[in-house]
Structure formats: structure tokens, C-alpha cells
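The UniProt record's numbering applies: residue 1 is where the sequence shown begins, and numbers increase by one.
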Amino acid sequence: MDFAMVTAYQPIDQLVALARAAEEAGFRALSIADHVVDLETVRTPYPYTPTGERRWTPDVDWPDPWVTVGALSQVTTRLEFFTSIYVAAMRNPFVVAKAVGTAAALSGGRVALGVGVGWCREEFELLEQEFATRGRRTDEALDLMKALWAPGWTEFSGEFYRCERLAMRPEPPGPVPVWVGGLSDVAMRRAARHDGWVGDMATVDEAIAIAERLRQLRVEAGRDPGEPFDVVPALTDALAPEDFLRAAEGGVTMCMTMPWMYYVGQHAPLEDKLAAVRRFGDEVIAPVRQLAGLET
1 MDFAMVTAYQ PIDQLVALAR AAEEAGFRAL SIADHVVDLE TVRTPYPYTP
51 TGERRWTPDV DWPDPWVTVG ALSQVTTRLE FFTSIYVAAM RNPFVVAKAV
101 GTAAALSGGR VALGVGVGWC REEFELLEQE FATRGRRTDE ALDLMKALWA
151 PGWTEFSGEF YRCERLAMRP EPPGPVPVWV GGLSDVAMRR AARHDGWVGD
201 MATVDEAIAI AERLRQLRVE AGRDPGEPFD VVPALTDALA PEDFLRAAEG
251 GVTMCMTMPW MYYVGQHAPL EDKLAAVRRF GDEVIAPVRQ LAGLET
């Protein structure tokens, strides 16, 4: 079991310190959220709360994920980065491929693209991208971006995107893993065709069931179940190291968490958050690794 620290809703001037602390505490990765803008009023209900209300307040920072990766990768050496979740279909895929590929090159390959189809129709309309076709465009854009990240020349002809022979540099140092977010059957099947799944909040039992469902879908998709595949939820009822180990044994590879929520709350000062990161490393990450036999 690995751990990812969630940076959503955190002030931008805290991110460097939090990234450094996460790496020192033994976190594998850091997740970065994505919105281009935060509209004051939206008609589209937020899909991850019972009321449809958004989880954040209007004063929350939404830094560009790939600029953020470029910066934070320069003050860390091992920490990985992924988006949770980046809505590629709101953008031109050539621009997305350029940003992700540059971040991957700057970080030495410590990047995964966590992608979803998006939920906010108004944000799509603002960016002049069609909302109704976002699923099909996401699938095609992922094929195009993988081609653009590969060495050499690229030609592409699809329903929505096409290009004549061209090259995009800098190239990533290796394949960029694509993790897909979402709870629908369509999202799960899309994830099974790629390299991982990024979820929302789930109990340990729910996460284990999702991991098994993804394993079945990968078999159906003709993927080798022995290939690396990340399953990354936020576990709501895992408190003790044994809880996280049970999730790992059930197929969960990494847990997203805000460690300060266990100890000091969402709006604690930075120094208290940093202390919480260190404490989580000592009380959870290190014991989980010991129970798994990864440390003696």
C-alpha cells in the first residue's frame, strides 16, 4: 500500500512545504485537483455530494496542475504527481499533451495523468468545448496524446482530432501512465483500458469491491491482469495500519488522504499541517510498510 497526499483546496503558498514534507514522510505521490475557474453559480449539480453542492468555498486556490508539477518536481526527488481529476476534454488535446509531456520531462517521469470526463457543463461552455461529446472526445484525445508522447513523428486521423506528420518535444522520458476517474460503469471500463483508476471517498469494503470489478473488466478488455494497474481511492474508514493493509490485500494500491484531517482539521496553520504529515508518516505509513514486510 502506497499513500498520496491530496492538495485540493490548499493555499498555493503552502504547496512547496507540503510536497517536501510528503516526500520526507514516505508518501509515494501527491495529487493535484483541477478547475480552470470556479463559477459562482452553476446549474449542473456536483455529483459527489448528496445535495449537489460543491465541497469547497469560493476562496479556494485552483493552480494549474502542470505548472504546479513543474515547480514541485524541482524541490523533490522521489515524489510522484498525478491529477485528481484533470478534465482533458475541456481543452485542446495538443495543448494538454504539451503541458503533460513537459511536466513529465521536467520531473524525470514522475507524472501520471489522472483524467475524467468532467461534470460542469458551464465550465465546458466557457471554454467553448462541447459537453455532450466529452466521453468520446476523451477516448480519442487519450489515443492522440499517447501518440504525441511517443518518440518520433505522429500522424493522427480521428472523428474529432487529426494532424499531419508532426513531432512534439520535449518528449516524456517514458510512457505517461493514464489513470481514469469516475464511478460509472463507463468510467470503470475506460480505466480498465488504461493504467489505473482514481476514485472518490469509499470504505475499505467498497474499495476492495471496486478493485475486483476493475480486475474483471481488465480481463474482459484483454488486458493482462498481472500488468501494473493502480487503484487509488480515498478510504473513509481506514484508521489503523491494519485497515490500510486489508485494503492493499484486496487490490487497492494507493490511498489518497489529507493527513491533517486525522489530527488538526482542514483549516489548521501550515506548521500544524506539516506536523500532521510527519505524524501520519510515523503512525501509519511506516507501520503499514512494516506489516507488509517492506521494512524491517
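In this text, a Cβ means the ideal position worked out from N, Cα and C, and glycines have one as well.
Between the region 207-224 and the region 246-262 there are three or more inter-stretch CB-CB distances shorter than 8 angstroms, so the stretches are counted as touching. Counting other Cβ atoms within 10 Å of its Cβ, residue 218 reaches 16 or more and is therefore classed as buried.
For residue 143, the enclosing alpha helix (DSSP H) covers residues 134-149. The residues 82, 112, 113, 114, 115, 191, 194, 195, 196, 197, 198, 230, 232, in chain order, have a CB closer than 8 angstroms to that of residue 179 in the same chain once the five nearest residues on each side in sequence are set aside. Take the alpha-carbon of residue 221 and the one of residue 87: they are about 24 angstroms apart. DSSP links residue 229 through a beta bridge to no other residue. The way I'd put it, the region 141-152 doesn't touch the region 54-73; fewer than three beta-carbon pairs between them come closer than 8 angstroms.
Between residue 105 and residue 177, the CB-CB gap reaches or exceeds 7 angstroms.
Pairing residue 118 with residue 95, the inter-Cα distance amounts to about 18 angstroms. For residue 34, the secondary structure class from DSSP, reduced to helix, strand or coil, is coil. Collapsing the DSSP output to three states places residue 198 in a strand.
Pairing residue 29 with residue 4 gives a Cβ-Cβ distance under 7 angstroms.
The bridge partners DSSP lists for residue 157 are 162. Looking at the DSSP output, residue 6 sits in a beta bridge with 31. Shown here, residue 131 sits in coil according to DSSP, grouped into three states, outside any helix or strand. Shown here for residue 127: same chain residues with a beta carbon closer than 6 angstroms to its own, the five before and five after excluded, namely 90 in chain order. Secondary structure note for residue 176: it is in no alpha helix (DSSP H), with a DSSP letter that is neither H nor E. Listed in chain order, the non-local C-beta contacts of residue 151 below 6 angstroms within the same chain comprise 171, local neighbours out to five positions each way being set aside.
Setting aside the 5 residues that flank it on each side, residue 11 is surrounded in the same chain by 61, each with a C-beta closer than 7 angstroms to its C-beta; the list follows chain order.
Within the region 61-142, complete alpha helix (DSSP H) segments of at least 4 residues are found at 65-72, 93-107, 121-126, given in chain order.
Contact between the region 37-45 and the region 74-81 is not established, with fewer than three Cβ pairs separated by less than 8 angstroms. Looking at the backbone, the Cα of residue 120 and that of residue 45 are separated by about 8 angstroms. Rounded to the nearest whole angstrom, the CA to CA distance from residue 263 to residue 174 is 38 angstroms.
In this structure, residue 237 places its C-beta atom within 7 angstroms of the C-beta atom of residue 203.
Residue range 185-192 is occupied by the alpha helix (DSSP H) that includes residue 188.
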